[in-house]
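Enquirer: Protein chains in written order, with the working numbering: chain F, 1 to 442; chain G, 1001 to 1480; chain E, 2001 to 2125. All C-beta atoms, glycine included, are put in the ideal place defined by N, C-alpha and C. Questions regarding the structure given below will be posed in turn.
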Amino acid sequence: MFKYLPHTEHDIKEMLQVIGVSDINDLFHEIPQSLKNLDLDVPSSHSELEIHRRFDELAAKNRKLIPFVGAGAYDHYTPSIIRHLIERQEYLTSYTPYQPEISQGTLQYIFEFQSIVTELTGMDVANASMYDGATATAEAMFMATGAKRRNKILVSSTVNPNIKQVIATYAHYRGLEVAFVAEQDGITDAADFLAKNDKDVAGLIVQSPNFYGIIEDVGQFRAPLDETKGLLIVNSDLASLSILKTPGEQGADIAVGDAQSLGVPLQYGGPYIGYLATTSKLMRKMPGRICGVTRDADGKRAFVLTLQAREQHIRRDKANSNICSNQSLLALFVTIYSTVMGKQGVVEAQQKSHDATAHLAQRLIATGQFEAAFDRPFFKDVALRSKLSPEVIESTCIEHGFLGPLWLGRYDDNLADVFLFGATEKRTKDEIDAFVGIWEVR
Amino acid sequence: MYYDKLIFEISTPGRKGYSLPDTGIPAAPIDASLQRTAPAELPEVSELETLRHYTNVSFKNFGIEKGFYPLGSCTMKYNPKINQDIANREAFQIHPLQPASTVQGMLEIYYETQRILSELSGLDTFTLNSYAGAHGELVGLMIMKKYHEDRGDLKRTKVIVPDSAHGTNPASATVAGFESVEVKSNKDGTVHIEDLKQVLGDDIAGIMLTNPNTVGMFEKDILAIAELVHEAGGLLYYDGANLNPLLGVARPGDMGFDIMHINLHKTFSTPHGGGGPGSGPVGVKAFLADYLPRPVVKKENDQYTIDYDAPDAIGQISHFFGNIGVVVKAYTYLLTVGKEHFSEVGKFSVLNANYIKESLKDLYELPIDDICKHEFVFNGLKDKSAHVTTLDVAKRLLDYDVHPPTIYFPLVFKEALMIEPPETESKQTIDQFIAIMRKVAEEAKTDPDLVKGAPYTTVVRRLDEAQAARNPIVKYRDLT
Amino acid sequence: MSKIVKGLYYTNTHEWVKVEDGFAYIGITDYAQESLGEIVFVELPEEETAVEAGEEFGAIESVKAASDIISPVTGTIVVVNDELEDSPELLNEDPYENWIVKVDLEDETELNKLLNADEYEDICE
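What follows is the structure in structure tokens.
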């Protein structure tokens, strides 16, 4: 007997009798014999105690560093209550809410999540949810090319290179054309955009705060896009929009990005959660799940998945997106974070992250080893130049227990001396002192 | 006491549920011109109010620890608690940009999980970067496309999808830039070989198959199908949604499949979370290994490395390494089940399905009366004289605290009721379910209106779905 | 048995065409609305768009299904029935009274390729 499998010999015998076969292997009679008789080279069964020992061993092979980098994954504080709530079996073990009468819990938090995303982005409607910020941006591209029936999309060069890679991959296989808009001194080159924008362009994808942490003026692209009837797609770290001008205020048609920085732990890159929000006009072109309000047979307010005719299980090959299971539990995570931190707390965590990043940059520049790469307002990532080699910076940081900056020469030869730093509200003054101290003594 | 508030409806201006330390770091004001004009109206509640709200909201959900969840094609097996404890370990809460030398434990989990999945499936290498089943399908089809592209075989623009396939299959084909070609099923739900031969040609990139298929039948001619497709120059894609019954019994790789995805949130016990996070690892045969997406985790001389460049890769399909937190849970499960018990998982799920099928087929219409695998499909009640539909039966089951089976899928049967009882369910539970299904069938005969009006005991009754779609209210502000 | 109106033209994709003064009014049949169920949204084209016979120009969504609207004729859409924007259920209530678009026909002889009521009835059986 094995703890996850309750059948006794007696049960099996009784059940086989009802089925009318004598041996459980008879239930696999139609599978060609040549495919059976496996001898698998897999680990043997571990008891719970052995599992803990095995993972103690694996845990010891990781060295957790204190991060002084964000670049798309931000080390924010997670209030204790969130784990307790999201691990309730009602949330954790349930399926997609296709049976609304017994899924009002999931449906209600999805509705609350949509409300929170629309508050933060200033958009009319949000879905729940996308895999991550990168794939959400690629889906926004599909939405634009689908809605506009145009095959070309413009992408600013200041978008995070990982997101650009995902966009390029999705576009290539679907047969879409991606053209990159040049950057000028850390921001999107508006002149290059105007030169490349025309009536074949379905939309422009820009990021703000961009990859370098710089807050861009994305609103300037609205008018030229109106002339060519293209869509403005703005990628933002969702939490930063608690302070910064929203995509909605700047005339975006689609707002996308990652919501990880609303308290989702780093967990080595995932699960995180992407979001996608848009205008009422484009609502029915949106991918993913949407929850709406209705009434039940007794007139009671109730929630239900709606506008499902957009989705793969109905449209099949005519669906504009194939998304099915996404990151629902993370939507709950973000919803609870936004609730318990609340109207003030989300802003405070983000402002303190900005304060820490600004302080870090100033202190690092004061060591004489670093200088600002761009003279522009940034949020919680900041690009600094240094004559130190990336290898020296990385190894020195690790030696002192820190995860240092991301070396941008990895993505662009022109940025071979540029490093992307970042800090959050979790970094203490002592940690920053210690980190800066490394560079002072050199 | 029925709780029906939204979090916004208990919000009180000025109330707080958090505390952050004073860091002593000087404030760095952001220029007002860069700031939003009005604050986001997020809730303002205390910590206890937050807990009470989301606890009360949770009571309106059904979960695996509450009751039986025979949802076809979803494999709602027990989600072990130990998996969660392991994934929550502080040692795994690491920034994804940490250098490989500092995350050897993380990379070992990644590498070992993909190795065990390879062994169980018969494919040679896996990426774990894909986030869910549909994402895996997309990645697999991208690999299929690049394989043909690299051989200069550019006319292969079509992918064959059986009519009984999951909706994601044709949708993924479209998103990957293919046209899908439907092939009809035989009466027993298996692929119609003559029909298949008709469509095979030099414009076919490959075929997507679910095996056992969505009506729970194993494609017994799979070896012949594989030969036909390969002869025509196409590749075979395996939709792993239905892998559970074959676990430890037979392997897609040995059947001739070249590419597949696995749903860790189905076969390998990671929780569905109300619709994710899932994880959809994609496996390929060795000749396609270089196409797996970046970043690639490798093992070289007992050291684990990360290849961010992988020049032949299809590209990048995720920001980092996928839902690695989900992978940790699946790895825990793989180690727990182990060599000794994998085949029991497959066999007991099949035993359960056949037992239910045989125990109910006198009252429910069984269009395919044969040994099934882990799931099977009834075409509604056998006695349709009272016009009680599959929807009515499903809603009535709610009153008996059972999660209804999957309904109206697959599309090949009009009143489809698709039942999948995972291996973690005991005979007692299954017998109870059978008794309830029989009772509902009886009610449909004696008091059809009772069934048509169900449910009665749930927190809400049947909903007006048309109203929700005609006049979409999709956020709190729309209500006020 | 769903309703079929004599004197209209039909397609095998369940659209009807009524011709008046060189203009074609296009709608969906009773059979179509019945199989779709409760219609919740009609995706309408913009006025002054050119359509070609056999090409889709919009879509109809119900709670559980979606269907493209295929133009039976070639021409230019001159008027769109805006009422359907707010009241898509009109197509359920009376599919023959509520047309979807009015098209300025390019070539009236094209109508000969369409089905008559009797031929359409055979398809629906």
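Compute the beta-carbon to beta-carbon distance between SER1164 (chain G) and VAL1412 (chain G), rounded to the nearest angstrom, for a pair I have assumed lies under 8 angstroms.
Expert: One-based indexing of the second sequence puts residue 1164 (chain G) at position 164. One-based indexing of the second sequence puts residue 1412 (chain G) at position 412. Between VAL1412 (chain G) and SER1164 (chain G) the Cβ distance is about 5 angstroms, and since that is below 8 angstroms, they are a contact.
Enquirer: Identify, in the order they occur along the chain, each residue of the same chain with its Cβ nearer than 8 angstroms to the Cβ of ILE365 (chain F), setting aside the five sequence neighbours on each side.
Expert: Along the first sequence, read from residue 1 onward, the residue named residue 365 (chain F) stands at position 365. Excluding sequence neighbours, ILE365 (chain F) sits near GLU371, ALA372, LEU384.
Enquirer: Ends of the alpha helix (DSSP H) at ILE1010 (chain G)?
Expert: Numbered from 1 along the second sequence, position 10 holds the residue referred to as residue 1010 (chain G). No alpha helix (DSSP H) contains ILE1010 (chain G), which DSSP labels as neither H nor E.
Enquirer: Is it true that the CB of ALA1466 (chain G) sits closer than 8 angstroms to the CB of VAL2040 (chain E)?
Expert: Your numbering for residue 2040 (chain E) matches position 40 in the third sequence. Your numbering for residue 1466 (chain G) matches position 466 in the second sequence. Cβ distance < 8 angstroms, so VAL2040 (chain E) and ALA1466 (chain G) count as in contact.
Enquirer: Could you give the uninterrupted runs of the alpha helix (DSSP H) lying entirely in the segment 331–391 of chain F, keeping only those of 4 residues or more?
Expert: 342–366
Enquirer: Find the residues of chain G that neighbour GLU2038 (chain E), judging by a C-beta separation of less than 7 angstroms, and give them in chain order.
Expert: Counting from 1 along the third sequence, the entry for residue 2038 (chain E) is found at position 38. Listed by position along chain G, the residues whose Cβ is nearer than 7 angstroms to that of GLU2038 (chain E) are ALA1466.
Enquirer: Quick one: residues in its chain with C-beta nearer than 6 angstroms to the C-beta of ILE323 (chain F), no 5 flanking neighbours on either side, listed in chain order?
Expert: On the first sequence, position 323 is the one that residue 323 (chain F) refers to. Answer for ILE323 (chain F): PRO287, GLY288, listed in chain order.
Enquirer: Could you round the C-beta distance between VAL117 (chain F) and TYR275 (chain F) to whole angstroms and report it? I think they count as a contact, below 8 angstroms.
Expert: In the first sequence, residue 117 (chain F) corresponds to position 117, counting from 1. In the first sequence, residue 275 (chain F) corresponds to position 275, counting from 1. About 5 angstroms separates the beta carbons of VAL117 (chain F) and TYR275 (chain F), which is inside the 8 angstroms limit, making them a contact pair.
Enquirer: Any C-beta of chain G sitting closer than 8 angstroms to the C-beta of PRO2072 (chain E)?
Expert: Position 72 of the third sequence holds residue 2072 (chain E). Look at PRO2072 (chain E): its C-beta is not under 8 angstroms from any C-beta on chain G.
Enquirer: My understanding is that LEU1097 (chain G) touches ALA73 (chain F), with C-beta atoms under 8 angstroms, so please give their C-beta distance in whole angstroms.
Expert: Here residue 1097 (chain G) corresponds to residue number 97 of the second sequence, with the count starting at 1. Here residue 73 (chain F) corresponds to residue number 73 of the first sequence, with the count starting at 1. With a Cβ gap of about 7 angstroms, LEU1097 (chain G) and ALA73 (chain F) count as contacting.
Enquirer: Within the segment 2020–2065 of chain E, note down every full alpha helix (DSSP H) run reaching 4 residues or more, in order along the chain.
Expert: 2030–2036
Enquirer: Give the single residue among F:ASN197, F:VAL178, F:TYR91 whose Cα lies nearest to the Cα of PHE1062 (chain G).
Expert: For the purposes of this step, residue 1062 (chain G) is taken as the residue at position 62 of the second sequence. Checked all of F:ASN197, F:VAL178, F:TYR91; the closest Cα to PHE1062 (chain G) is F:TYR91.
Enquirer: Between VAL2063 (chain E) and chain G, is any beta-carbon pair separated by less than 8 angstroms?
Expert: To locate residue 2063 (chain E), count along the third sequence from 1; it is residue 63. For VAL2063 (chain E), the answer is yes, since a Cβ of chain G falls inside 8 angstroms of its Cβ.
Enquirer: Taking 8 angstroms as the CB-CB limit, is PHE2057 (chain E) close to chain G?
Expert: Reading the third sequence from its first residue, position 57 is the one you call residue 2057 (chain E). It does not; no Cβ of chain G falls within 8 angstroms.
Enquirer: Report the residue ranges of all beta strand (DSSP E) runs contained in full by the segment 1196–1278 of chain G; include only those spanning at least 3 residues, in chain order.
Expert: Positions of the beta strand (DSSP E) runs, each at least 3 residues long and wholly inside the segment 1196–1278 of chain G, are given as 1204–1209, 1235–1240, 1259–1262 in order along the chain.
Enquirer: Give me the chain G residues within the contact set of PRO2088 (chain E), using Cβ-Cβ distance strictly less than 7 angstroms, ordered along the chain.
Expert: For the purposes of this step, residue 2088 (chain E) is taken as the residue at position 88 of the third sequence. Result: ARG1470.
Enquirer: Checking the sheet assignment: what are the DSSP bridge partners for SER444 (chain F)?
Expert: Nothing can be reported for residue 444 (chain F): it is not among the residues displayed for chain F, which extend from 1 to 442.
Enquirer: Please classify GLU1194 (chain G) as buried or exposed, where buried requires at least 16 neighbouring CB atoms within 10 angstroms.
Expert: Residue 1194 (chain G) sits at position 194 when you count from the first residue of the second sequence. With fewer than 16 other Cβ atoms within 10 Å, it is exposed.
Enquirer: Would PHE2057 (chain E) and PRO2045 (chain E) qualify as a contact pair, given that the criterion is a beta-carbon distance under 8 angstroms?
Expert: Walking along the third sequence from the start, residue 2057 (chain E) turns up at place 57. Walking along the third sequence from the start, residue 2045 (chain E) turns up at place 45. Yes, the pair counts as a contact, with Cβ atoms nearer than the cut-off.
Enquirer: Could you give the uninterrupted runs of the beta strand (DSSP E) lying entirely in the segment 1394–1430 of chain G, keeping only those of 3 residues or more?
Expert: 1416–1419
Enquirer: THR306 (chain F) to ASP1188 (chain G), Cα distance in whole Å?
Expert: The count along the first sequence starts at 1 and reaches residue 306 (chain F) at position 306. The count along the second sequence starts at 1 and reaches residue 1188 (chain G) at position 188. Roughly 34 angstroms separates the two Cα atoms.
Enquirer: Taking 8 angstroms as the CB-CB limit, is PHE2023 (chain E) close to chain F?
Expert: The residue you call residue 2023 (chain E) lines up with position 23 of the third sequence. No, PHE2023 (chain E) lies away from the interface with chain F (no Cβ there is under 8 angstroms from its Cβ).
Enquirer: With a Cβ-Cβ cutoff of 8 angstroms, do TYR1018 (chain G) and GLY345 (chain F) count as a contact?
Expert: Position 18 of the second sequence, counted from the start, is the residue given in the question as residue 1018 (chain G). Position 345 of the first sequence, counted from the start, is the residue given in the question as residue 345 (chain F). Yes, Cβ-Cβ distance for TYR1018 (chain G) and GLY345 (chain F) is below 8 angstroms.
Enquirer: Count the C-beta pairs between the segment 1234–1251 of chain G and the segment 289–303 of chain F that are closer than 8 angstroms, then say yes if the count reaches three, no if not.
Expert: no
Enquirer: Which word fits LEU1154 (chain G), buried or exposed, when buried means at least 16 other C-beta atoms lie within 10 angstroms of its C-beta?
Expert: Within the second sequence, residue 1154 (chain G) is the residue found at index 154, counting from 1. It is exposed - the Cβ of LEU1154 (chain G) has fewer than 16 other Cβ atoms within 10 Å.
Enquirer: Note the first and the last residue of the continuous beta strand (DSSP E) segment covering GLU90 (chain F).
Expert: For this step, residue 90 (chain F) is matched to residue 90 along the first sequence. First-last for GLU90 (chain F): 89–92, but that is the alpha helix (DSSP H), not the beta strand (DSSP E).
Enquirer: Around the Cβ of GLN1114 (chain G), are there at least 16 other Cβ atoms within 10 angstroms (buried) or fewer (exposed)?
Expert: Residue mapping note: residue 1114 (chain G) aligns to position 114 of the second sequence, counting from 1. Buried: at least 16 other Cβ atoms inside 10 Å.
Enquirer: With which residues is SER2067 (chain E) paired in a DSSP beta bridge?
Expert: As a working mapping, residue 2067 (chain E) is identified with position 67 in the third sequence. DSSP, once it has assigned bridges, lists E:ILE2060 as partnering SER2067 (chain E).
Enquirer: Can you grab the Cα-Cα spacing for the pair PHE2 (chain F) / HIS1341 (chain G), in whole Å?
Expert: In the first sequence, counting from the first residue as 1, residue 2 (chain F) sits at position 2. In the second sequence, counting from the first residue as 1, residue 1341 (chain G) sits at position 341. Approximately 7 angstroms, taken between the alpha carbons.
Enquirer: For the segment 47–127 of chain F, list the beta strand (DSSP E) runs that are entirely contained and at least 3 residues long, ordered along the chain.
Expert: Those beta strand (DSSP E) runs which fall completely within the segment 47–127 of chain F and span 3+ residues do not exist here.
Enquirer: Which residues of the segment 11–28 of chain F have a Cβ closer than 9 angstroms to any Cβ of chain G? Give them in chain order.
Expert: ASP11, ILE12, GLU14, MET15, LEU16, VAL18, ILE19, GLY20, VAL21, ILE24, ASN25, ASP26, LEU27, PHE28
Enquirer: Please compile the residues from chain F whose C-beta is within a distance smaller than 7 angstroms of the C-beta of ALA1091 (chain G).
Expert: In the second sequence, residue 1091 (chain G) corresponds to position 91, counting from 1. What ALA1091 (chain G) touches in chain F: ALA59, ASN62, LYS64.
Enquirer: So, are the CB atoms of PRO1281 (chain G) and SER1073 (chain G) less than 8 angstroms apart?
Expert: Against the second sequence, residue 1281 (chain G) aligns to sequence position 281. Against the second sequence, residue 1073 (chain G) aligns to sequence position 73. For PRO1281 (chain G) and SER1073 (chain G), no; Cβs fall outside 8 angstroms.
Enquirer: Span of the beta strand (DSSP E) holding PRO1162 (chain G)?
Expert: For the purposes of this step, residue 1162 (chain G) is taken as the residue at position 162 of the second sequence. It spans 1158–1162 - the beta strand (DSSP E) in which PRO1162 (chain G) sits, taken as one unbroken run.
Enquirer: Suppose you measure from the CA of ASP1383 (chain G) to the CA of GLN1432 (chain G); what does that come to, to the nearest Å?
Expert: For this step, residue 1383 (chain G) is matched to residue 383 along the second sequence. For this step, residue 1432 (chain G) is matched to residue 432 along the second sequence. Roughly 22 angstroms separates the two Cα atoms.
Enquirer: Which bits of chain E does ILE314 (chain F) rub up against, with CB to CB less than 8 angstroms?
Expert: By 1-based counting over the first sequence, the position of residue 314 (chain F) is 314. Residues of chain E passing the Cβ test: LYS2064, ALA2065, ALA2066.
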